[in-house]
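What follows is a set of notes on a single structure, which appears directly below.
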Amino acid sequence: MAKDIVVITGGSGFLSQHLIREIQELWADKVDEIRVIDKKPFRKILNYNESIPVKEFIADIVEEDEIDEPLTGATIVFHTAARQFEFGMYGDRQKYMEDNFQGNVVCSASNLSQVLF
77 MAKDIVVITG GSGFLSQHLI REIQELWADK VDEIRVIDKK PFRKILNYNE SIPVKEFIAD
137 IVEEDEIDEP LTGATIVFHT AARQFEFGMY GDRQKYMEDN FQGNVVCSAS NLSQVLF
């Protein structure tokens, strides 16, 4: 049976760091590769054995042409990327909406059978 290729958007964030650790510890026999998509470089901050290779992609998830490569061949996507809402800061409301909602549309439109938001 073929192993899964897991993609995690927002891979440098708090939730993703813990998700990567759990996959490394519990799914090593089921996952062939973890692909991390984020605007920031991935830096491992938690302590775990790296039994599954992690491949990093610096990309903006709202740009479809930037996420084609990391999504190619993926079997599971954990979509955890989100622009943080800053209370009282309404200057970039459009960018907030674009990152949080358009990113969902782009990921879900990629013909994947399993996209987890």
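In this note's numbering, the protein residues as written are 77 to 193.
All C-beta atoms in this analysis are idealised placements derived from N, C-alpha and C, irrespective of residue type, glycine included.
Given the structure is predicted, the values throughout are model-derived calculations rather than measurements.
Check, Outcome
"Closest by C-alpha distance to F154, when choosing among A78, M77, I96, K79", "I96"
"Exposure label - Q170; buried when at least 16 CB within 10 Å", "exposed"
"Sequence-distant residues of its chain with Cβ nearer than 6 Å to E145 (five each side left out)", "none"
"Own chain residues within Cβ distance below 8 Å of A135, not counting five before or after", "I113, D114, K115, E142, I143, P146"
"Nearest to G87 (by Cα), restricted to the options D105, F133, E101, N123", "F133"
"Among E109, I81, E98, the one whose alpha carbon lies nearest that of L122", "E98"
"DSSP bridge partner residues for D80 (one or two, in chain order)", "V107"
"Proximity below 8 Å, CB of V138 to CB of I110", "no"
"Pick from I128, D80, I84 that is closest to E101, judged by C-alpha positions", "I128"
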